[in-house]
Amino acid sequence: MPIREATADDWPRIWPFWHRIVAAAETYTWDPDTSERAARALWMSPAKRVYVAEDEAGSVVGSAFLTPNYAGPAARVANAGFMVDPERAGRGTGRALAEHVLAEATAAGYRAMVFNAVVETNPAVRLWTSLGFTVLGTVPEAYEHPRHGLVGLHVMHRAL
Ligand SMILES: CC(C)(COP(=O)(O)OP(=O)(O)OC[C@H]1O[C@@H](n2cnc3c(N)ncnc32)[C@H](O)[C@@H]1OP(=O)(O)O)[C@@H](O)C(=O)NCCC(=O)NCCS
């Protein structure tokens, strides 16, 4: 699956699934009503390296970012985010994006990766665990899930 660095022109193809995922309010801690402009500033920020995954026809089916999780002396701990178009989920795109971003993070000199807020009911927890992440701790009852009620947020970590 081709994965490449995103350009500004990719944003209109990321936004439809970005919006769908954040509006569902099941996986991210961003405002479900985030505007397109604000979403673009969040995802395509100059502080982030952004990637897209394409299908055989060249359509964008997923995106990821890589960025420092902290500043200064802790800047070699990375953070990353992942989204796959729900219409195209379950076909290996998320795993391919994650493996790519972990390799890019290692090549860039990061020593570890941290996810700050993984909703404990997210099936992605299994994906991250299979890639070597562990749950450092869980903020209890932090996330109001539309179907599961109050659920915890995992802090997940993997050394690189
Ligand atoms: C999480 C996400 C990026 C995974 O992308 P994907 O392309 O569907 O994932 P893959 O097809 O590569 O599946 C990866 C593994 O996760 C599991 N998985 C992923 N999503 C799942 C789901 N909704 N239900 C059950 N299992 C799921 C699969 O069993 C799969 O395991 P395998 O590789 O051993 O077969 C995607 O579902 C997504 O964008 N979700 C919404 C946003 C989100 O939760 N981002 C992560 C925030 S921590």
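Count along the sequence shown from 1, then add 77; that gives the number in the working numbering.
Cβ coordinates follow ideal geometry from the N, Cα and C atoms, glycine included.
As the structure is a computational prediction, the values presented were derived from the model and not from experiment.
Per DSSP, the unbroken alpha helix (DSSP H) holding residue 90 starts and ends at 88-101. Closest in C-alpha terms to residue 112, from the list 104, 100, 106 and 105, comes 100. In the three-state DSSP reduction, residue 224 falls in the coil class, being neither helix nor strand. Assigned with DSSP and collapsed to three states, residue 164 falls in helix. Per DSSP, residue 133 lies in no beta strand (DSSP E) and is assigned neither H nor E. For residue 104, the Cβ falls inside the 7 Å cut-off from some heavy atom of ligand 1. With 16 or more other Cβ atoms inside 10 Å of its own Cβ, residue 171 counts as buried.
Cβ neighbours of residue 143 within its own chain (closer than 7 Å, five residues either side excluded): 125, 126, 155, 157, 178, 181 and 182.
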